[in-house]
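Below is one structure; the comments refer to it alone.
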Amino acid sequence: MMIATHQQMNDAQIPYKFRDYCAHHYIMWMKCKRDTYPFSIRGCKHEAHEWQYCEHLDYVMRMKEFERERRLLSRKKRIEEQAKIAIET
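The sequence shown lines up with residues 1 to 89 when you count with UniProt numbering.
Printed below as a string of C-alpha cells:
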C-alpha cells in the first residue's frame with residue numbers, strides 16, 4: 001500500500017518515474033535537500049539511504065513475486081502435461 005498520496009506527490013512535484021511504493025522516502029529526501037542546501041550532499045545521507053534501501057526492498061519483493069509466478073506457471077504446465085499423458089494411456 002502506498003504511503004504518499006497522489007496529492008502529496010503532486011504537491012512535491014515528484015517525477016513520474018519516482019512515484020512508486022517508496023515515494024514518501026523520496027519526498028523526505030528532497031525536502032531535506034531543499035532545507036539544507038548547499039550542504040545537502042552531506043546533510044541528507046540518512047534520507048537518501050532510506051530511499052535507496054526502500055527501493056532495494058521493493059525490487060527484491062518484485063523479483064520474488066515474479067519467480068513465484070514463474071514457478072507456479074511451470075508447475076501448472078507440468079501437471080497439465082501429466083494429466084494429458086494419463087488420459088492418453
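All C-beta atoms in this analysis are idealised placements derived from N, C-alpha and C, irrespective of residue type, glycine included. What you are looking at is a predicted structure, and each value in this text was computed from that prediction instead of being measured.
Exercise. Grouping DSSP H, G and I as helix and E and B as strand, with all else coil, what is residue 13?
Worked result: Coil, per DSSP.
Exercise. Is residue 26 helix, strand or coil by DSSP?
Worked result: It is helical.
Problem set entry | 6 angstroms Cβ shell around residue 54 - same chain, five flanking residues per side excluded | Within the same chain, and ignoring the five residues on either side of residue 54 in sequence, the residues whose Cβ sits closer than 6 angstroms to its Cβ are 22, 25.
Exercise. On the three-pair Cβ rule with 8 angstroms, is the segment 48 to 67 touching the segment 25 to 38?
Worked result: The answer is yes - the segment 25 to 38 touches the segment 48 to 67, with three or more Cβ pairs under 8 angstroms.
For this session: Measure the CB-CB distance between residue 30 and residue 4 and report whether it falls below 8 angstroms.
Result: No, these two residues do not count as a Cβ contact at 8 angstroms.
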